[in-house]
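To keep things clear, I will list the structure first and then write my remarks on it.
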Amino acid sequence: MASILLTIGWLAGAAGVLLAVFAGAARIGGLYWLGGFSTGTVLLGSMVVMMISCLGFLAALSTRRDAVDC
Numbered sequence: 031m032a033s034i035l036l037t038i039g040w041l042a043g044a045a046g047v048l049l050a051v052f053a054g055a056a057r058i059g060g061l062y063w064l065g066g067f068s069t070g071t072v073l074l075g076s077m078v079v080m081m082i083s084c085l086g087f088l089a090a091l092s093t094r095r096d097a098v099d100c
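In my numbering, the protein residues as written are 31 to 100.
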């Protein structure tokens with residue numbers, strides 16, 4: 031289970047960063063719309079994908095068997 035969550039974390043993180051770079055570069059280049067969506071909306075979507083990545087990593091950490099109980 032932890033390996034699936036880690037894979038989700040890595041893939042979502044990479045996709046979020048690439049999407050953010052793409053949206054940022056498009057906005058700096060003067061494009062306000064990408065495929066019918068504003069660049070701000072695409073950037074917000076990239077933040078959501080990166081948040082999913084963080085939650086995947088957090089879930090993987092919390093399911094570790096060797097974690098120390100506090």
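Don't be surprised by glycine CBs; every beta carbon is placed ideally from N, CA and C.
Cβ shell of residue i (< 8 Å), same chain only, five flanking positions each side left out
i, result
"residue 93", "31, 32 and 35"
Buried/exposed call for residue i, threshold 16 Cβ in 10 Å
i, result
"residue 51", "exposed"
"residue 79", "buried"
"residue 39", "buried"
"residue 44", "exposed"
"residue 42", "buried"
Residue from the options whose Cα sits closest to the Cα of residue i
i, options, result
"residue 47", "65, 74 and 89", "74"
"residue 72", "95, 81 and 53", "53"
"residue 37", "96, 95 and 83", "83"
Cutoff 6 Å; reference residue i; Cβ partners in own chain excluding five residues on either side
i, result
"residue 49", "76"
First through last residue of the alpha helix (DSSP H) which encompasses residue i
i, result
"residue 94", "Segment: none, residue 94 is in no alpha helix (DSSP H) and carries neither H nor E."
"residue 35", "32-58"
Same chain, Cβ closer than 7 Å to residue i, five either side skipped, listed in chain order
i, result
"residue 68", "62"
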